[in-house]
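Structure first, commentary second.
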Ligand code: C5P
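Residue numbers (full-length UniProt numbering): 180 to 398.
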């Protein structure tokens, strides 16, 4: 394969947070920067893949050669992914998808009146698990951000969501994960595991993609 181990492969990934509207001016979201997902998209394109990146709201430039689809909510992210997934060889769920959305989005700005108020939330669809549940599915890779018992929870998540591989990071270690420029991963697949020590997200993305190419090829 030389320096293009993903040559000819179609790779779809999600990145960034999702934004769940409360009313026309407010939303619920999280601190995901999208840096890891964008680094993976950039490296995958350099490694020869045809890359489609479904991105939540982030402040990052589109990597060279990458087809980017911008979305806001988890439902929009799911729709964009499902419209593309049938033709893909690899799917990587990198996005920090909001677990809940508003049951009803207010049509007009909510006025302040009472001293307290409650928002009713409902569960969002699990995009990664939905992809993994397809009959003819791509090689499906998930991420797991954990604060403790990383291996236990990552392996459990891989089995529950029926993934081909999971990349876990310990977000309790400062300088790693959310918003940081560096990260370290413990990668598990049904037949093995590999530790990718702390380095910049761009280098790490290349190492993870190399591993994906190797494990997928050996299947
Ligand atoms: O269950 P948990 O949210 O920890 O799983 C994380 C993995 O699942 C990530 O790969 C994330 O992109 C994906 N995910 C998803 N849709 C959701 C929640 C998580 O695709 N609604």
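Here a beta-carbon is modelled for each residue, glycine too, at the ideal position from N, C-alpha and C.
Here the structure is a predicted model, which means the values were calculated and not measured.
query: Unbroken stretches of the beta strand (DSSP E), 3 residues or longer, contained in the segment 306–337; result: 318–325
query: Residue 362 classed as buried or exposed, judged by whether at least 16 other C-beta atoms fall within 10 angstroms; result: buried
query: Between the CA atoms of residue 233 and residue 261 - distance to the nearest angstrom; result: 11 Å
query: Same chain, Cβ closer than 8 Å to residue 305, five either side skipped, listed in chain order; result: 276, 340
query: DSSP three-state assignment for residue 150, whether helix, strand or coil; result: Nothing can be reported for residue 150: it is not among the residues displayed for the chain, which extend from 180 to 398.
query: Neighbourhood of residue 273 by C-beta, 7 Å cutoff - its chain only, sequence neighbours within 5 removed; result: 192, 193, 194, 215, 216, 219, 322
query: Distance CB(residue 348)-CB(residue 324) smaller than 8 Å; result: yes
query: Residue environment, residue 229, which counts as buried when at least 16 other CB atoms sit within 10 Å; result: buried
query: Alpha carbon of residue 185 to alpha carbon of residue 226, nearest angstrom; result: 5 Å
query: Alpha-carbon to alpha-carbon, residue 196 and residue 237; result: 8 Å
query: Rounded C-alpha distance that separates residue 284 from residue 334; result: 36 Å
query: Coarse secondary structure for residue 221, derived from DSSP in three states; result: helix
query: Which listed residue (366, 202, 239) has its alpha carbon closest to that of residue 358; result: 239
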